């Protein structure tokens, strides 16, 4: 099953309420620092909204919550892999995306046969402090050669204009966070993304 080329990441169901009616079909819920009950409620709402709009929800990090809620897709960072019960995730039939930043992490991710590999930050990002400042388009092309048919997600400092460059370098999917959430007109920006990635 191929995935949509535009993959926004949001931290609340409220953002999904704004984005999904515009035509977003793949979205990640990256929700941090909520008590368990509140987290489950927020993720359940995200899942309901995605079902209403025929979109795929990817749950960041919280694999047990995803299993409990009957979600179908999770995203794990390298730190998450240290504690995630991969056997339980597989048994539940969840699809899985994994973040990578260097060759060792890529090898670790590929050994798990994920449904996509994310590479970042391709450009400098303000979302979080990372020891990897900028991977660059050359690294996107390198990852493309190394991962075969596995879908490749470019993340970190991506804009609609840069997404085109990432696709040319070999990425299949472009992901965005602050390019949308910090934009003066988030809905307009989402429409621009949808045009570029159609």
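Residue numbers (full-length UniProt numbering): 1 to 198.
Glycine is no exception: its CB is placed at the ideal position from the N, C-alpha and C atoms.
Predicted model, so just to flag it, every value in this text is computed and none were measured.
Name the two residues that bound the continuous beta strand (DSSP E) containing residue i.
i: residue 140; result: Counting along the chain, residue 140 falls outside any beta strand (DSSP E), though it belongs to the alpha helix (DSSP H) covering 136 to 147.
i: residue 53; result: Careful: residue 53 lies outside any beta strand (DSSP E), inside the alpha helix (DSSP H) at 36 to 53.
i: residue 74; result: 73 to 76
i: residue 152; result: 152 to 154
Given that a residue counts as buried once 16 or more other Cβ atoms are within 10 Å of its Cβ, and exposed if not, what is residue i?
i: residue 35; result: exposed
i: residue 145; result: exposed
i: residue 164; result: exposed
i: residue 139; result: buried
Helix, strand or coil for residue i per DSSP?
i: residue 163; result: helix
i: residue 97; result: strand
i: residue 24; result: coil
i: residue 109; result: helix
i: residue 31; result: coil
i: residue 114; result: coil
Between which two residues does the alpha helix (DSSP H) containing residue i stretch?
i: residue 86; result: 86 to 91
i: residue 126; result: Premise fails: residue 126 is in no alpha helix (DSSP H) and is neither H nor E.
i: residue 69; result: 63 to 69
For chain B, check one thing: does any of its Cβ atoms lie closer than 7 Å to the Cβ of residue i?
i: residue 189; result: In the displayed structure, chain B is absent; only one protein chain is listed.
Hey, residue i and residue j are a contact pair by Cβ (cut 8 Å); roughly how many whole angstroms apart?
i: residue 20; j: residue 31; result: Actually they are not in contact, since the Cβ atoms of residue 20 and residue 31 sit about 16 Å apart, beyond 8 Å.
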